[in-house]
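Have a look at the structure below before the remarks.
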Amino acid sequence: MDCSLVRTLVHRYCAGEENWVDSRTIYVGHREPPPGAEAYIPQRYPDNRIVSSKYTFWNFIPKNLFEQFRRIANFYFLIIFLVQLIIDTPTSPVTSGLPLFFVITVTAIKQGYEDWLRHKADNAMNQCPVHFIQHGKLVRKQSRKLRVGDIVMVKEDETFPCDLIFLSSNRGDGTCHVTTASLDGESSHKTHYAVQDTKGFHTEEDIDGLHATIECEQPQPDLYKFVGRINVYSDLNDPVVRPLGSENLLLRGATLKNTEKIFGVAIYTGMETKMALNYQSKSQKRSAVEKSMNVFLIVYLCILISKALINTVLKYVWQSEPFRDEPWYNQKTESERQRNLFLKAFTDFLAFMVLFNYIIPVSMYVTVEMQKFLGSYFITWDEDMFDEETGEGPLVNTSDLNEELGQVEYIFTDKTGTLTENNMEFKECCIEGHVYVPHVICNGQVLPDASGIDMIDSSPSVSGREREELFFRALCLCHTVQVKDDDNPDGPRKSPDGGKSCVYISSSPDEVALVEGVQRLGFTYLRLKDNYMEILNRDNGVERFELLEILSFDSVRRRMSVIVKSAEGDIYLFCKGADSSIFPRVIEGKVDQIRARVERNAVEGLRTLCVAYKRLIPEEYEGICQLLQAAKVALQDREKKLAEAYEQIEKDLILLGATAVEDRLQEKAADTIEALQKAGIKVWVLTGDKMETAAATCYACKLFRRNTQLLELTTKRIEEQSLHDVLFELSKTVLRHSGSLTRDTFSGLSADMQDYGLIIDGAALSLIMKPREDGSSGNYRELFLEICRSCSAVLCCRMAPLQKAQIVKLIKFSKEHPITLAIGDGANDVSMILEAHVGIGVIGKEGRQAARNSDYAIPKFKHLKKMLLVHGHFYYIRISELVQYFFYKNVCFIFPQFLYQFFCGFSQQTLYDTAYLTLYNISFTSLPILLYSLMEQHVSIDVLKRDPALYRDIAKNALLRWRVFIYWTLLGLFDALVFFFGAYFMFENTTVTSNGQIFGNWTFGTLVFTVMVFTVTLKLALDTHYWTWINHFVIWGSLLFYVVFSLLWGGVIWPFLNYQRMYYVFIQMLSSGPAWLAIVLLVTVSLLPDVLKKVLCRQLWPTATERVQNGCAQPWDQDSEFTPLASLQSPGYQSTCPSAAWSGSRPQQVTLAVWKGKVSAEPPPAPGCSHRCCSSSPRHGCPGSLVGMLV
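Each residue of the sequence shown is one higher than the last, beginning at 551 in the working numbering.
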């Protein structure tokens, strides 16, 4: 038997077709093709069940435990717990097991609940009824029973149950409208087209008689890409082959609109649908704080091992004398004497590891997760970041990067739709050198009683008149605009003659602006019907053009074309696109005049397009058809073959003219960029626009300034000089002033300093990134990076989407490893958004692909200012304090235990009771730091917005550097020494209570623990700048809870305990006067160095933030970030507000003026404070105060 056939069958039936071929064949309606066609071999595909859940009832416990113990801290505590169970250790297994059990259980319950919700959603989706065509009849079954090859009927407003190839609809032209809001957030109607040879099948009987096979690519997640072909068999003739693209594919999750019903055949089902393939999460990004936290954890692990080793060695040194090794009260058994020395030493080492293991804070990870999760709501609840025009607010797609918003050093921003509104207005067109200005269009609305055309130069000749009308027809025909009828909620837009009213819809705002603009110039696009485009000319006559081909726009070609046939039989190719892609393909026309006008418009910041055409003879068109058909039906490399075909077709053009469209700058875009630059952040603009247009926008948004010296690294300059020479020349220019532009400067904002701006285009970047002939590319890249670092701003124009990601990656992995942020609004920005450390999508007019793929989404670019300078600043301050505080309080906790071993013969005796060991991190000290990390405001929100330079104080992970980490660790060691030896010396002289009883070791340990709990809690209270009643409740409540718990724990004989060593210990300790003195004195001494350090540093070497804090009283009521708490502040609290910026001879006061909801800060015109923001009253009531936001 032929082994290859067996192997083939095994692969098909067991492994699945997709494991060994690049395409799949689907038999429509499961009907075998006619005799003579390829063999009918049914293929195995998954059913239509959607499974978004991670767990099942049976695998939840093992799978969840496996995932949780992959985290190093959890695994470490599991090992410690097992060691406690296996060997005789000084502490009970409960002390490690209970905190670990608490952490694991809370996480498992959270994840289990989330998965249960996913199961519910999956079941609801999988049990939805679906209409199948079976034996010419309509059958209703559950969605999960649908199979590849089934023919499905979908009615209006129903959701497609799987990915379908559109066969036919009730519409005569074989079209349907769908919305894909659940897939990509776009609510506009998209038109899809049925297969040409099947669109006439309107009934169940007709569709059931269809003989066809579909060949298509294997499932892949790109929503906007599909390659396939359909073979339709009729009688015994050869099958008709038609190409299939994304316009024929109806995606699961999309909804049918404005169409009564459609028929489609299932090609991807269940987890192979594009919607399901997009469930997979993006690559995990980790913040700089998390990396620092893991490094600190390793340091503390080394400290732990060192402590255990030191104690193990000292134990055997101590026991080297016989009476110490085997005292009379604890003689060894014979088996103990005969144990191997190394085994005994290893067991003792593990016992010391268990004793000191609490230096590793297991609860820190849970606290950090809760802080990030709860803190992320502060952005979504921020009313300042809500856009009333669009009704959109900010979105948080991941909370893991909150603190990274406070560390950004480079911002890479798109231009169109991000810095600008993407709201296009047609300004003018230039035809044969004559300029036409339809000056009566304003935001798409027609102003009454105004002439249509304003000629600003001489009228064209007769031949020019023909070219003029050809240009207008080109604009009316070369687009993908749809016409919507009067029932549009935005209201109808009428044509100039007051007749037909229509609204234009397109995925590109440019196209709508052009069609509306040419409408004012006398030519109105009416509709596309039965493949004929209808336009209304100046004489109110309707012209019909048959649409033969559309050569779609793409970001590489940067142009699009249509081939149309007029009523007279003339065939035209109309092409429009960027000047860089049109001019090289032009052989005739007034190129110089039009190029001059294009460059002038670009300098003014207008978006320009060029329009060209050529007339085709029928033979030429036949050749084009064959070329396109061959490329369209190809299953492999279809896009490449189409691009090659388009390249051959779009040549030898005649230039008609150019258009200019204005895209206005977004509100406060310039203010935002200026603030970000003052914060020490470098802003780069990455755009596909031409250099002059982009440069004009950069000047308008203050990225470039009047004193900025522009350096060009463009193709034009490289053609004149070699790349090597250009780079070295630029390098010499900027390095003359190296050192003048550092992070501590105002990024080129100072007038007395030379400020450089760099402009680079995509072609030049390709040369820089391209490996050199000797195989190295590093030299040019390093030189380029050196030039960029010395420039205050960089503009990258003519960038392809992939090049945007390359730029981000280049900076991201440079030697400084700066934190990068990418922001954009379109699908072409997704690659750079995913590449950057933090990706932000703008919820704009180019769909929601950017917002869906980003870490955060905001409605407008101006909201980036508050997101970074306020939210990011607070997030970083809070979480860095949380991390350092956790390590600090655990050093305070464990180091006395280490010192105690020197006084108990290294016997592994515990200093603290088991209950204290267990509850220290879970109950006694957990809530205050969690509340601090959610609510702390070291300065007010308004000050952070007004003084962006404060952002520099936290740059480069300033609060988690080694110097700060060592300070916190040394502070913990000092406090631990004070706790232990202070209590020790107190006990040395006062060992008897008033009733004659002697203090024991548990009383000593309890005294140390009490001083420690009060010290670490009061340390946090001293660090708190922003007090509310919740802070008071949690901080003082935690201390009260500890006292009450200790009274109960030691005041009752608990029947479930096999020991009562703590009975009456705490009460006895409090009954002693020296113990009270010790607590007060030791807490004061412990806190004193930190207080002195802060006072001295603030006076002698204050940071910008500390200067602001020292200035004057802050109006906290005005700047509260926590709306429910704004009115609930402590009545006795008096906060401070900054005015360092204006401190001088006059009193240190700041006038906060509120103009239409906008807070502005300005020096007071005269002594005195108009809004009492510097008054001495405990509560500040400032007129017009802002409603605070959660941050």
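Cβ coordinates follow ideal geometry from the N, Cα and C atoms, glycine included.
query, result
"How many whole angstroms separate the CB atoms of residue 782 and residue 762, which I take to be in contact at a CB cut-off of 8 Å?", "5 Å"
"Would you mind stating whether residue 1028 and residue 1144 have Cβ atoms separated by less than 8 Å?", "no"
"Would you mind listing the alpha helix (DSSP H) stretches within the stretch 1542-1583 that are 4+ residues and don't spill past its ends, in chain order?", "1551-1573"
"For residue 1569, count the other beta carbons within 10 Å of its own beta carbon; 16 or more makes it buried, fewer makes it exposed. Which is it?", "buried"
"Quick one: does the C-beta of residue 1513 sit closer than 7 Å to a heavy atom of the ligand GDP?", "What this structure holds is no ligand at all, so the ligand GDP is not there to describe."
"Just confirm the distance between the C-beta atoms of residue 709 and residue 823, as a whole number of angstroms; I'd bet it's less than 8 Å.", "With a Cβ gap of about 12 Å, residue 709 and residue 823 do not count as contacting."
"Am I right that residue 954 and residue 1232 are in contact with their C-beta atoms under 8 Å? What's the rounded C-beta distance?", "Incorrect: roughly 16 Å between the Cβ atoms, too far for contact."
"By a C-beta neighbour count over all protein chains shown, 10 Å radius and 16 as the cutoff for buried, is residue 663 buried or exposed?", "exposed"
"Across which residues does DSSP place residue 679 in a beta bridge pair?", "692"
"Straight-line CA distance for residue 1052 to residue 716?", "28 Å"
"Who are the Cβ neighbours of residue 1089 in its own chain at under 6 Å, not counting the five residues just before and after it?", "none"
"Can you give the beta carbon distance from residue 1478 to residue 1588, rounded, assuming they're within the 8 Å contact cut?", "5 Å"
"What is the residue span of the alpha helix (DSSP H) that residue 1623 lies within?", "1623-1650"
"Closest by CA to residue 1358, which one among 1379, 747 and 1247?", "1379"
"The alpha helix (DSSP H) that contains residue 1496, what's its start and end?", "1491-1496"
"For residue 1213 and residue 966, what's the separation of their Cα atoms in angstroms?", "8 Å"
"What are the residues that DSSP puts in a beta bridge with residue 547?", "An answer regarding residue 547 cannot be provided, because it is not within the stretch 551 to 1741 covered by the chain."
"Curious, which full-length beta strand (DSSP E) runs of at least 3 residues does the stretch 1403-1461 contain?", "1406-1408"
"At 3 residues or longer, what runs of the beta strand (DSSP E) sit wholly inside the stretch 1221-1250?", "1232-1236"
"Distance check for residue 1218 and residue 1120, CA to CA, integer angstroms please.", "51 Å"
"Quick check on DSSP: helix, strand or coil for residue 1129?", "helix"
"Can you tell me which of 712, 1419, 1371 and 1416 puts its alpha carbon nearest to the alpha carbon of residue 1404?", "1371"
"Helix or strand or just coil, what does DSSP make of residue 973?", "strand"
"Which residue wins for smallest C-alpha separation from residue 1210, given the options 693, 1313, 1175 and 1068?", "1068"
"Select from 1100, 1099 and 1078 the residue whose C-alpha is nearest the C-alpha of residue 1092.", "1078"
"I think residue 1506 touches residue 1416, with their Cβ atoms under 8 Å apart; what is that distance to the nearest whole Å?", "About 22 Å separates the two Cβ atoms, so there is no contact after all."
"With DSSP as the reference, label residue 1032 as helix, strand or coil.", "strand"
"Under the assumption that residue 1164 contacts residue 1203 (Cβ atoms under 8 Å), give the Cβ distance between them as a whole number of angstroms.", "5 Å"
"Whose C-beta lies closer than 7 Å to the C-beta of residue 1468 among residues of the same chain, with five residues either side of it excluded?", "644, 645, 648 and 649"
"So residue 936 and residue 925 are supposed to be a Cβ contact under 8 Å. How far apart are they, rounded?", "That pair is no contact at about 18 Å."
"Do you know how far the Cα of residue 600 is from the Cα of residue 686?", "28 Å"
"With respect to the alpha helix (DSSP H) encompassing residue 902, which residues constitute its N-terminal and C-terminal limits?", "891-906"
"Going straight from the alpha carbon of residue 1744 to that of residue 1533, what length do you get?", "Coverage of the chain is limited to positions 551 through 1741, which leaves residue 1744 absent and any answer about it impossible."
"Of the choices 1094, 1072, 1076 and 1073, whose alpha-carbon is the least far from that of residue 1082?", "1094"
"Excluding the 5 residues preceding and the 5 following residue 693 in the sequence, name in chain order all residues of the same chain whose CB lies nearer than 6 Å to its CB.", "598, 676, 678, 680 and 711"
"Taking all protein chains shown into account, do 16 or more other C-beta atoms lie within 10 angstroms of the C-beta of residue 957, making it buried, or fewer, making it exposed?", "buried"
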